[in-house]
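Trainee: Please read through the structure below; I'll follow up with questions.
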Amino acid sequence: MTFDPPDQESADLLALAQSVANNARSGEQLEAFVARSSYTTVRAHGGEVESFTSAVSAGIGVRVVSDHRQGFAWAGTLESDAIADALADARDNATFAEPDEWVGLAEPDGVAPVPFDAFDPSVATMEASRKIDLALELERMVRAGDLRITGVRVATFSDSSSRFAVATSTGIAGAGRGAWCSMSALALAEDGDETYTGGGSTVGFRPDDLDLAEAADDAVLRATRLFGAKPVPSQRVTIILEPRMAATIAGLLGSTLTGERVLKGRSPFGDRVGETIASPKLTLVDDPTDHRSYAADMFDGEGLACRRNQLVVDGVLQGFLYDSASGRRAGQPSTGSAVRGVSSTPSVGCQALAVAPGAGSFESLLADIDTGVYLQSMTGLHSGVNLVSGDISVGIEGLMVRNGQLAEPVREVTIASTLQRMLLDIVAIGDDIEWLPGGTGCPTIVIADLSLGGS
Amino acid sequence: MIEQSVLEEVLGVAMRTGGEFAEVFAEDRRNASAVLDDGRVEELTSGRDRGAGIRVVVGETTGFAHTADLSEAGLIAAAQAAAAAARGGGGGTNVVALHRGSASRGYDIETFPGDVPKARKVELLTRADEAARSVGDAISQVSVSYGDNRRRILVANSDGVFVEDDTVRTFFAVSCVATGDTGMQTGRESVGHTIGFELFDMYDIDQLARNAADRAITKLAARPAPSGQMPVVIGSGGGGVLFHEACGHGLEADLVSKGASVFRGRVGQQVASKGVTVVDDGTMTREWGNIAIDDEGNPAQRNVLIEDGILTDYMWDHLRARKEGRRSSGNGRRQSYQNLPMVRMTNTYLLAGEEDPESIIASTPKGVYVKHLGGGQVNTATGDFVFGMTEAYLIEDGKVTEPLREGNLIGNGPEVLQRIDALGNDFAMGPPGTCGKDGQGVPVGDGVPTLRVSSLTIGGTAA
Numbered sequence: 001m002t003f004d005p006p007d008q009e010s011a012d013l014l015a016l017a018q019s020v021a022n023n024a025r026s027g028e029q030l031e032a033f034v035a036r037s038s039y040t041t042v043r044a045h046g047g048e049v050e051s052f053t054s055a056v057s058a059g060i061g062v063r064v065v066s067d068h069r070q071g072f073a074w075a076g077t078l079e080s081d082a083i084a085d086a087l088a089d090a091r092d093n094a095t096f097a098e099p100d101e102w103v104g105l106a107e108p109d110g111v112a113p114v115p116f117d118a119f120d121p122s123v124a125t126m127e128a129s130r131k132i133d134l135a136l137e138l139e140r141m142v143r144a145g146d147l148r149i150t151g152v153r154v155a156t157f158s159d160s161s162s163r164f165a166v167a168t169s170t171g172i173a174g175a176g177r178g179a180w181c182s183m184s185a186l187a188l189a190e191d192g193d194e195t196y197t198g199g200g201s202t203v204g205f206r207p208d209d210l211d212l213a214e215a216a217d218d219a220v221l222r223a224t225r226l227f228g229a230k231p232v233p234s235q236r237v238t239i240i241l242e243p244r245m246a247a248t249i250a251g252l253l254g255s256t257l258t259g260e261r262v263l264k265g266r267s268p269f270g271d272r273v274g275e276t277i278a279s280p281k282l283t284l285v286d287d288p289t290d291h292r293s294y295a296a297d298m299f300d301g302e303g304l305a306c307r308r309n310q311l312v313v314d315g316v317l318q319g320f321l322y323d324s325a326s327g328r329r330a331g332q333p334s335t336g337s338a339v340r341g342v343s344s345t346p347s348v349g350c351q352a353l354a355v356a357p358g359a360g361s362f363e364s365l366l367a368d369i370d371t372g373v374y375l376q377s378m379t380g381l382h383s384g385v386n387l388v389s390g391d392i393s394v395g396i397e398g399l400m401v402r403n404g405q406l407a408e409p410v411r412e413v414t415i416a417s418t419l420q421r422m423l424l425d426i427v428a429i430g431d432d433i434e435w436l437p438g439g440t441g442c443p444t445i446v447i448a449d450l451s452l453g454g455s
Numbered sequence: 001m002i003e004q005s006v007l008e009e010v011l012g013v014a015m016r017t018g019g020e021f022a023e024v025f026a027e028d029r030r031n032a033s034a035v036l037d038d039g040r041v042e043e044l045t046s047g048r049d050r051g052a053g054i055r056v057v058v059g060e061t062t063g064f065a066h067t068a069d070l071s072e073a074g075l076i077a078a079a080q081a082a083a084a085a086a087r088g089g090g091g092g093t094n095v096v097a098l099h100r101g102s103a104s105r106g107y108d109i110e111t112f113p114g115d116v117p118k119a120r121k122v123e124l125l126t127r128a129d130e131a132a133r134s135v136g137d138a139i140s141q142v143s144v145s146y147g148d149n150r151r152r153i154l155v156a157n158s159d160g161v162f163v164e165d166d167t168v169r170t171f172f173a174v175s176c177v178a179t180g181d182t183g184m185q186t187g188r189e190s191v192g193h194t195i196g197f198e199l200f201d202m203y204d205i206d207q208l209a210r211n212a213a214d215r216a217i218t219k220l221a222a223r224p225a226p227s228g229q230m231p232v233v234i235g236s237g238g239g240g241v242l243f244h245e246a247c248g249h250g251l252e253a254d255l256v257s258k259g260a261s262v263f264r265g266r267v268g269q270q271v272a273s274k275g276v277t278v279v280d281d282g283t284m285t286r287e288w289g290n291i292a293i294d295d296e297g298n299p300a301q302r303n304v305l306i307e308d309g310i311l312t313d314y315m316w317d318h319l320r321a322r323k324e325g326r327r328s329s330g331n332g333r334r335q336s337y338q339n340l341p342m343v344r345m346t347n348t349y350l351l352a353g354e355e356d357p358e359s360i361i362a363s364t365p366k367g368v369y370v371k372h373l374g375g376g377q378v379n380t381a382t383g384d385f386v387f388g389m390t391e392a393y394l395i396e397d398g399k400v401t402e403p404l405r406e407g408n409l410i411g412n413g414p415e416v417l418q419r420i421d422a423l424g425n426d427f428a429m430g431p432p433g434t435c436g437k438d439g440q441g442v443p444v445g446d447g448v449p450t451l452r453v454s455s456l457t458i459g460g461t462a463a
C-alpha cells in the first residue's frame with residue numbers, strides 16, 4: 001500500500017515517526033505517534049481583547065511491545081534527547097507489565113483509507129487583526145441582541161491547524177492534517193434579580209464557514225427565555241432533545257459499545273449483539289469517512305484506515321468497536337477505532353457518531369407532545385451518569401411543552417432513567433440532522449417516560 | 001530552571017512594546033502512572049513536559065504565548081509573540097530587576113516517587129486487585145491505578161517577583177464492578193495527597209480496595225433513589241464538593257466581576273445559616289489542593305470566604321486584584337505552562353459544628369443519607385448546582401436503611417447555604433478531586449463534617 005502524506009510538514013512528521021520506529025530491536029515492536037499543532041485563541045470582553053494566545057505545541061508518544069508486554073512514554077517536545085529518553089522509558093516500562101497474548105501493535109490490514117483532506121491553509125495564515133475583529137464583532141452582536149443582555153462573559157475565536165503521523169515497526173505508516181476555526185459566546189441576561197446565561201457557537205473548516213449571526217442569536221435566545229424559570233412538580237415526562245442534546249445521549253450509548261468495555265465486562269450491552277436494544281427508529285453508525293463530520297479522518301490512532309461501522313440498525317445491536325488489541329482478543333478485525341493523543345496509548349473510542357435521520361421537523365415532533373420538557377442544557381453528566389449500570393440522572397434547564405407548544409421555563413429540576421430504558425423509550429427521531437462541533441451528526445430525538453425530580 | 005539574567009532579559013523584551021506587566025511561568029513536570037485492569041498489570045506510562053508561558057498585560061488585554069524551548073532564544077521569541085499579541089502602543093526600554101523569594105510549604109517530601117523502584121508501585125496494584133476480589137464472587141472486574149507527578153515551577157515577573165517551587169503529588173485509586181441479578185454496579189475509592197510515596201504509610205491499600213468492592217456489592221441491592229425534595233444528610237468527608245459547587249465557584253473574583261455570580265455585591269451579607277464558616281486554604285498541609293505558591297508566585301493563604309454565615313471575601317488572582325487595588329489571595333492557578341492562570345480554589349471546606357453526627361441522622365424522620373458524593377457542576381449565574389451521589393441510603397424513622405442507586409441532586413447555592421440546619425463535630429477531608437473551569441483542570445481538596453440540608457431535590461426515578 002502506498003500513501004503520500006498531504007504536505008511536506010506531514011511528510012516530515014512521518015519521517016520522524018519512522019526514524020523512531022526503525023529503532024526496533026529483534027523481537028520488539030515499536031510505534032511512534034507524533035503530533036504538532038499551532039493555535040490561536042482570542043477572548044473578547046467588554047469591547048476589548050481580554051487575551052490573545054498563540055502558540056505551537058508538539059509531542060511524541062512511544063509504545064513498545066516486547067514479549068507480549070506493553071510500555072509507553074511520551075514527551076511534550078520533539079527534541080532528539082527527549083525522544084531518546086521516551087524510547088528508553090517505554091522499554092523499561094514494558095518490563096513491568098504482565099504479559100498479555102493479545103497486546104501488540106496494529107499491522108497493515110489492506111483496507112485503503114478513504115481520501116480526505118479538509119485542511120484549509122487560510123486558517124493558519126489568517127491575520128491576527130481579523131481574528132480579533134471577529135471576536136469583538138460576535139460580542140457586539142450578542143450585546144445588541146436584546147435589551148436584557150447585560151454582558152457577555154466571554155466571546156471567543158479559536159483556530160487550530162494540526163498534523164500527526166504514526167509509524168510502526170510492523171509496517172504501519174499514516175499521516176494526516178486538519179484545520180478548524182470556531183467561535184462561541186456566553187451571554188448574560190438580567191431582569192429584576194434574575195440572571196441567566198446562554199451559549200451559542202459556530203464551527204467551520206475555514207473562516208468563511210463561521211456564522212456569527214447564528215451563534216449570537218442562539219446565545220441571546222437561550223439567555224433570555226428562562227426568566228421566571230422555577231421547578232415544576234415531580235412527574236413522569238416526555239423529553240424533546242434538539243440535535244446538540246440528542247448527540248450527548250448518542251455519545252453515551254457509543255461509549256458503552258467499545259470492545260474494551262465489552263471484553264472487560266463493563267458494558268450493559270456486552271451480551272446483546274443481534275438483540276433489540278432500542279426503538280426500531282434508532283440507527284447509529286460511527287463513520288469518520290463521512291466527510292460532513294468535523295471529526296472526519298483517514299486514519300485512526302494506530303494508523304489503520306478509518307471505516308464506517310454500524311452499531312445499531314433499526315434498534316438491533318450490530319456489534320462493537322475495536323482497536324487492534326481488543327479486536328484480536330475478541331476474534332474480530334480492528335474497526336479502525338483507536339483514538340489517542342500524544343500522552344496516552346490508543347484506546348477504543350467513537351470518532352464520528354451519526355444517528356440516521358427519521359421523519360419530521362423539530363416543530364412537528366414538538367406538536368405531537370402533550371406534556372413534556374424541552375431541554376436547553378444538561379448538567380452533571382460526569383457525576384450522574386454511570387455507564388456500567390446505565391443509571392442516568394442529570395440536572396436540566398429548559399421549557400415545559402404543553403399541548404405541542406413550548407410553554408413556561410423550568411430550572412433546578414432533574415431528569416432520570418437508565419440508558420437501557422431511554423433507548424427503548426425513543427418515540428420519534430426527526431429529519432433535521434445537524435453536524436456538531438464534536439463531530440457527531442444527530443437529529444432531534446424524543447424520549448418518553450423519564451422521571452422528573454422537582455418541587 | 002532558567003538563569004536570573006536570562007529571565008531579566010526576557011522580561012525586558014516582553015515589556016519593550018509598552019507592556020504594563022509581564023511574567024514568565026516555567027514548568028518542568030514528570031508524570032508516572034501504572035494501571036492494572038482485568039487482573040493484569042497492563043501498562044506503565046512515563047511522561048515529561050517542560051516549557052514556559054509568557055504573558056504581557058497592556059490595559060485590559062493580555063497577550064500570551066508558550067514554548068517548549070527554554071533556551072534564551074526560545075524564550076525571547078515567545079516574549080516577542082506575547083508582546084505583539086498584547087498590542088502595546090508605547091515603546092522604550094524597561095529594565096526588570098528580579099528579587100529572589102522563597103517558597104515554603106512547611107513540610108518535606110519523605111520519599112520522592114521517582115526514587116521508588118517501579119516494581120514496588122506495581123506490587124501495590126496487584127495487592128489491591130487481590131484484596132478487592134477477595135471480598136466476594138460478585139466482584140466481576142477491578143481496575144487499580146497508581147499515579148505520581150513532580151512539578152517544578154518558576155515564576156518571574158516585572159514586579160520583581162522571582163520564586164520557584166517543587167511539588168510532588170501521589171495518587172491511588174481502586175474501581176470495582178459487581179455483577180448480580182439486578183445488573184452491574186460500581187464502587188470506587190481514591191486517595192491522593194501532596195506528598196511522596198509515604199502516601200502508602202498513611203493508608204491501608206487492602207482496606208481501601210475492600211471498601212471499593214463493598215460499595216459495589218452493596219449497590220447491587222440498591223433501590224431507585226427518590227425523585228423530589230427531601231432532607232439530605234451529607235456524611236463527614238464525603239461531601240465537600242457540595243460547597244465547592246454551591247458557593248466556591250460563585251466566589252471566584254473573575255466570575256463575580258463579570259456579573260456571572262449570584263454572590264456579586266453580597267460581601268458583608270448573611271448568605272448562609274449561622275454557624276456556617278467556609279474556608280479556602282492552599283496552605284493545608286499535605287492535602288491534594290496544597291500549594292506553597294500559586295502559579296503567579298503568590299504565597300498560598302488561608303482565606304475565610306464565609307464566616308458564621310456572613311460573606312467575607314471572594315478569591316482573587318493577580319489581574320483581578322490589581323484592578324481592585326488589593327492583594328491577590330493566592331488563588332491564581334493554571335493547568336500547565338500552556339494555559340493562562342485564573343481564579344481557582346485550592347482546598348475548600350466547611351468548619352465543624354458541635355452536634356453528634358448520630359443525632360443528626362436520628363433527628364431526621366425521612367430523608368437521604370449521602371455518604372459519598374461524586375463530582376458536581378454549577379451555573380454560577382443562577383447558583384443552580386448538581387452533585388452526584390455515589391453511595392447513598394434512605395433515612396427512615398431516624399435510621400439509615402436501604403442503599404440507593406446513583407443519581408444527581410440539584411439545588412440552588414444561596415438557598416442551600418441558608419438551609420443547613422445541622423453541623424456535626426466530625427470534620428474530615430474527602431478524596432482528591434480535579435476541578436475543571438474553562439477547559440483547565442487543577443487538583444483540589446474539599447472537606448465537611450456531617451451536615452444536614454433541610455431540603456434538596458433528589459434526581460432519582462422512584463416516585
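If you read the sequences in order, they're chains W and B. Just so we're aligned: 366 in this note's numbering is position 366 of the first sequence, and the numbers increase by one with no gaps anywhere. Just so we're aligned: 258 in this note's numbering is position 258 of the second sequence, and the numbers increase by one with no gaps anywhere. Ideal Cβ positions, reconstructed from N, Cα and C, are used throughout, including at glycine. Being a predicted model, the structure only gives us computed values, none of them experimental.
1. Compare the C-beta of ASP165 of chain B against all C-beta atoms of chain W and say whether one is closer than 8 Å.
2. Report the rounded CA-to-CA distance for LEU221 of chain W versus GLU139 of chain W, giving the unit in angstroms.
3. ASN93 of chain W: buried (16+ other C-beta within 10 angstroms of its C-beta) or exposed?
4. Thinking C-beta only, is VAL355 of chain W closer than 8 Å to LEU241 of chain W?
5. Please list the segments of the beta strand (DSSP E) lying wholly inside the region 27-86 of chain W, counting only runs of 3 or more residues, in order along the chain.
6. Select from the region 98-111 of chain W all residues with a C-beta closer than 7 Å to any C-beta belonging to chain B, and list them in chain order.
7. Where does LEU147 of chain W land, buried or exposed, given buried means 16+ other C-beta within 10 angstroms?
8. Would you call the region 23-34 of chain W and the region 161-177 of chain W in contact, with 3 or more CB pairs under 8 Å?
9. Which residues of chain W have a Cβ atom closer than 7 Å to the Cβ of VAL177 of chain B, listed in chain order?
10. Is the CB-CB distance between ASP391 of chain W and GLU406 of chain B below 8 Å?
11. Under 9 Å Cβ-Cβ, which residues of chain W neighbour ARG118 of chain B?
12. Going along chain B in order, which residues have a C-beta closer than 7 Å to the C-beta of PRO346 of chain W?
13. Would a check of beta-carbon distances place ASP49 of chain B closer than 8 Å to chain W?
14. Counting only Cβ pairs nearer than 9 Å, list the residues of chain C close to LYS258 of chain B.
15. What residues of chain B sit near HIS68 of chain W, judged by a beta carbon separation below 9 Å?
16. Output yes or no for whether 8 Å exceeds the beta carbon distance between LEU452 of chain W and ILE415 of chain W.
17. DSSP puts TRP180 of chain W in a beta bridge; with which residues?
18. Can you give, in chain order, each stretch of the beta strand (DSSP E) that sits fully within the region 370-423 of chain B and has at least 3 residues?
19. State the DSSP-derived secondary structure class of GLU245 of chain B, mapped to helix, strand or coil.
20. How is the beta strand (DSSP E) around VAL355 of chain W delimited, first residue to last?
21. Among W:GLU190, W:ALA219, W:SER234 and W:LEU253, which residue has its Cα nearest to the Cα of SER201 of chain W?
22. Step through the CB atoms of chain W and report whether any lies within less than 8 Å of the CB of ILE410 of chain B.
23. Report yes or no: do the region 121-134 of chain B and the region 298-312 of chain B share at least 3 C-beta pairs separated by less than 8 Å?
24. Residues in the same chain with beta-carbon distance under 7 Å from ALA14 of chain B, minus the five sequence neighbours each way, listed in chain order, please.
25. Does the CB of GLY395 of chain W have a neighbour CB from chain B at under 8 Å?
26. At 8 Å on the CB atoms, spell out the chain B contacts of VAL49 of chain W, in chain order.
27. Could you give the residue range of the beta strand (DSSP E) that holds GLN405 of chain W?
28. Does the region 70-88 of chain W touch the region 256-272 of chain W, meaning 3 or more C-beta pairs lie closer than 8 Å?
29. Name, going along the chain, the residues of the region 270-295 of chain W whose beta-carbon falls closer than 7 Å to a beta-carbon of chain B.
30. In the DSSP assignment, find the unbroken alpha helix (DSSP H) run with ASN211 of chain B in it and report its ends.
31. So is ARG452 of chain B buried or exposed if we call it buried at 16+ other beta carbons inside 10 Å?
32. For a contact defined as C-beta to C-beta under 8 Å, what are the partners of ASP81 of chain W on chain B?
33. DSSP three-state call for MET1 of chain W: helix, strand or coil?
34. In terms of residues, what are the limits of the alpha helix (DSSP H) holding GLU98 of chain W?
35. Select from the region 246-276 of chain B all residues with a C-beta closer than 9 Å to any C-beta belonging to chain W, and list them in chain order.
Mentor: Let me lay it out:
1. Answer no: the Cβ-Cβ gap between ASP165 of chain B and chain W never drops below 8 Å.
2. 15 Å
3. buried
4. In this structure, VAL355 of chain W does not lie closer than 8 Å to LEU241 of chain W by Cβ.
5. Restricting attention to beta strand (DSSP E) runs no shorter than 3 residues, the region 27-86 of chain W encloses them at 28-45, 48-66 and 69-75, ordered along the chain.
6. Considering only beta carbons, the part of the region 98-111 of chain W lying closer than 7 Å to chain B consists of GLU98 and ASP100, in chain order.
7. exposed
8. yes
9. Within chain W, the residues GLY265, ARG266 and VAL388 have their CB atoms less than 7 Å from the CB of VAL177 of chain B, given in chain order.
10. Their beta carbons are under 8 Å apart, which means ASP391 of chain W touches GLU406 of chain B by this criterion.
11. Correcting the residue identity first, residue 118 of chain B is Lys in this sequence and not Arg. Simply ASP92, ASN93, THR95 and PHE96.
12. Within 7 Å Cβ-Cβ: nothing; PRO346 of chain W doesn't reach chain B, min ~11 Å.
13. At least one chain W Cβ lies under 8 Å of ASP49 of chain B.
14. Reference to chain C is not applicable here, since the protein chains of this structure are W and B.
15. Per Cβ cutoff of 9 Å: no residues; HIS68 of chain W is ~11 Å from chain B at best.
16. yes
17. Among the bridge pairs identified by DSSP, TRP180 of chain W is matched with W:SER160.
18. If only complete runs of 3 or more residues are kept, the region 370-423 of chain B shows the beta strand (DSSP E) at 384-396, 399-404, 407-412 and 420-423, in order along the chain.
19. helix
20. 353-355
21. W:ALA219
22. yes
23. no
24. ALA22, ILE54, VAL56, ALA79, ALA82 and ALA83
25. Chain B, which has a Cβ nearer than 8 Å to the Cβ of GLY395 of chain W, makes this yes.
26. GLU60, THR61 and ARG87
27. Per DSSP, GLN405 of chain W belongs to the beta strand (DSSP E) from 405-418.
28. no
29. So nothing in the stretch comes that close.
30. 205-220 is the span of the alpha helix (DSSP H), which, as asked, contains ASN211 of chain B.
31. buried
32. Residues of chain B passing the Cβ test: none, with the nearest at roughly 11 Å.
33. Residue placement at MET1 of chain W cannot be trusted, given a pLDDT of 45 that sits under 50; what the coordinates show is reported in the next sentence. Note: MET1 of chain W maps to coil in three-state DSSP.
34. Taken as a continuous stretch (DSSP letters only), GLU98 of chain W belongs to no alpha helix (DSSP H), as it is neither H nor E.
35. Residues of the region 246-276 of chain B with a C-beta less than 9 Å from any C-beta of chain W: LEU255, LYS258, GLY259, ALA260, SER261, VAL262 and ARG264, listed in chain order.
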